[in-house]
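The structure appears below as structure tokens.
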Amino acid sequence: MELYKTVRKEAEAEQVVERSRFITHVKPVSSREEADQFVASIRSRYKDATHNVPAMVIGDKSQIQWASDDGEPQGTSGAPIVQMLVSEGITDVAVVVTRYFGGIKLGTGGLVRAYTGSAKLGIEAAGICRVCEIWIMKVRMDYTFLAKVQNMAKKRLLDSGDETAEFTIGEISYADKVTMDIMTTPEQKENVADLISNITSGTAHVLEEKKILEKV
């Protein structure tokens, strides 16, 4: 199940608008503290810049939304970046757009376009991904059933009579028996467990179960 969207990695982008240089830094973050540290590091790195405009959206439901115009006219820089992130459904991200003034004033509309456009370039460079809940079952079974389980992975198993028993296979260990990670969604875990039991005639053993968040 998809929970939210975020950025895949830390990234940087740059553009020049009417001789002003805009440098964007983007980072995936999981807390306000992490975001604040990132903002502080960028401000320190570009302490000679005209402006370092920060913006952040954090939380699976975008609970934390904060920005500063850092000396630009109110509402022309930080706030529009936050609005853009929220409208795009992107969270757990911190953005800093650094500006070196080029001598030409952009006006209110021009500033909004320049800052949001710069932020979008940074987001594109970082890459957008989905964060999903994944259920992992570590299962041990006889080698006899390995090929059949592998053949059924990633398929919508209409022939089994259950359209919700989809799964993929992760790490596999080979010893006296096969141990593999069976991955599915929390909603499908019981159906997949029943399917694995049917495939192996009830001989498979679930050694461990856990839920993780994964970027896809």
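So that you can map any letter, position 185 of the sequence shown is 185 in the UniProt record's numbering, and since no number is skipped, the others follow by simple counting. C-beta atoms are modelled at their ideal positions from N, C-alpha and C, and glycine is treated no differently. Everything numeric in this text was worked out from a predicted model, so none of it was measured.
Local conformation of residue i per DSSP, three classes
| i | result |
| --- | --- |
| THR144 | helix |
| GLU208 | strand |
| ASP176 | coil |
| LEU157 | Residue placement at LEU157 is poorly supported in this model, since its pLDDT is 39, which falls under 50; the coordinates are not used for a value here. |
| GLU124 | helix |
| GLU10 | coil |
| GLU187 | helix |
Chain-order list of residues whose beta-carbon lies under 8 Å from that of residue i (same chain, five-residue window excluded)
| i | result |
| --- | --- |
| ILE169 | VAL149, GLN150, ALA153, MET180, ASP181, ILE182, MET183 |
| MET84 | THR116, ALA119, LYS120 |
| LEU111 | GLU72, PRO73, THR76, SER77 |
Own chain residues within Cβ distance below 6 Å of residue i, not counting five before or after
| i | result |
| --- | --- |
| ALA49 | THR98, TYR100 |
| GLY78 | VAL53, ALA55, ALA67, SER68, ASP69 |
| ILE23 | GLU14, THR98 |
| residue 218 | The question about residue 218 has no answer, for the chain in this structure spans 1 to 216. |
| HIS25 | GLU12, ILE42, VAL96 |
Nonlocal neighbours in the same chain, by C-beta distance under 7 Å from residue i, ignoring five residues either side
| i | result |
| --- | --- |
| SER30 | ASP92 |
| GLY59 | THR91 |
Bridge-paired residues (DSSP) for residue i
| i | result |
| --- | --- |
| ILE199 | Partner(s): none; ILE199 has no beta bridge. |
| GLN15 | PHE22 |
| ARG130 | LYS5 |
| ASP181 | LYS138 |
| GLU214 | CYS132 |
Integer-rounded CB distance, given that residue j should sit under 8 Å from residue i
| i | j | result |
| --- | --- | --- |
| GLY103 | ARG19 | 6 Å |
| LYS215 | VAL131 | 6 Å |
Segments of 3+ residues assigned as beta strand (DSSP E) that fall wholly inside the region 34–115:
51–58, 64–67, 93–100
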